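>
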Amino acid sequence: ALDAFIRADAAAPDQVVVSLLLARQYFSLERYEEALAVLNRPTVNTADQSAEVRFERGRTLQSLGRIEEAEAELWTALQMAPDNPILLNHLGYLWVDSGRRVEQGAEMISRAFAADPRNAAFQDSLGWAQYRRGQYDTAVETLEEAVAKQPADPGINDHLGDAYWQVGRHREAGWQWNPVLSL
1 ALDAFIRADA AAPDQVVVSL LLARQYFSLE RYEEALAVLN RPTVNTADQS
51 AEVRFERGRT LQSLGRIEEA EAELWTALQM APDNPILLNH LGYLWVDSGR
101 RVEQGAEMIS RAFAADPRNA AFQDSLGWAQ YRRGQYDTAV ETLEEAVAKQ
151 PADPGINDHL GDAYWQVGRH REAGWQWNPV LSL
């Protein structure tokens with residue numbers, strides 16, 4: 001697939017949508033520097049770039065450990081699309097997980113989950129926000145529901161294991177953590 005995206009990009013180097021697809025392919029292969037290089041091209045990184053491009057650049061910068069830059073891109077994207085649940089969840093989770101703006105991040109995650117309550121990733125983020133705020137019993141309930149929606153997700157299982165541990169359910173925590181190693 002990567003070769004096809006590279007050929008399409010070479011054939012239409014000024015097409016932002018093709019560049020975005022190529023950057024996403026690099027990202028999915030964990031080739032973050034290459035994804036960022038595509039997203040930083042002058043034809044893509046423009047004054048009028050979309051929230052979608054800023055989101056992709058933000059999550060790529062985050063994967064590279066460049067958190068302040070990622071936060072700035074994600075914040076700008078969110079200002080462009082303030083009700084976008086993916087943006088709300090992603091930036092909210094970044095803040096909650098890093099401990100930077102836990103309360104504000106938790107509020108953003110709540111809005112994302114309210115917009116799409118069937119989304120297991122949003123519910124996981126909500127449970128993790130509850131965990132980070134010390135609401136362990138509530139986090140257990142929220143994360144159990146997230147695992148029921150998406151049982152083979154290692155991140156959700158890991159978070160549930162952490163929540164179980166905090167409420168003294170150590171054996172169940174181990175049951176959650178052990179499969180994470182193979183998932």
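Okay, so the sequence shown: first residue is 1 according to this note's numbering, each after it adds one.
Note that beta-carbon positions come from the ideal geometry of N, C-alpha and C, so glycine has one too.
Just so it is clear, the structure is predicted and the values come from calculations on it, not from any experiment.
Does VAL17 pass the burial test, meaning 16 or more other C-beta atoms within 10 Å, or should it be called exposed?
Burial state of VAL17 is exposed, judged by a 10 Å Cβ sphere holding fewer than 16 other Cβ atoms.
> By the 10 Å Cβ neighbour count, where 16 or more other Cβ atoms means buried, how is THR205 classified, buried or exposed?
Because the chain is modelled from 1 through 183, residue 205 falls outside the range shown and cannot be assessed.
> What is the DSSP secondary structure of ARG24, reduced to helix, strand or coil?
helix
> My output table needs one value for ASP9: the three-state DSSP class, helix, strand or coil.
helix
> Measure the beta-carbon distance from ALA51 to ALA81 and round it to whole angstroms, keeping in mind my assumption that it falls under 8 Å.
4 Å
> With DSSP collapsed to three states, give me the class of ALA114.
helix
> Over the uninterrupted alpha helix (DSSP H) stretch that includes GLU73, give me the two end residues.
67 to 80 is the span of the alpha helix (DSSP H), which, as asked, contains GLU73.
> Nearest-angstrom Cα distance between GLU164 and THR46?
In the sequence on display, residue 164 carries Tyr and not Glu. Distance between the alpha carbons of TYR164 and THR46 is about 46 Å.
> Which value, in whole angstroms, describes the spacing of the CA atoms of LEU2 and GLU69?
27 Å
> Under 8 Å Cβ to Cβ from LEU29, same chain only, skipping five residues before and after it: list those, please.
LEU2
> Reducing DSSP to helix, strand and coil, say where VAL16 ends up.
helix
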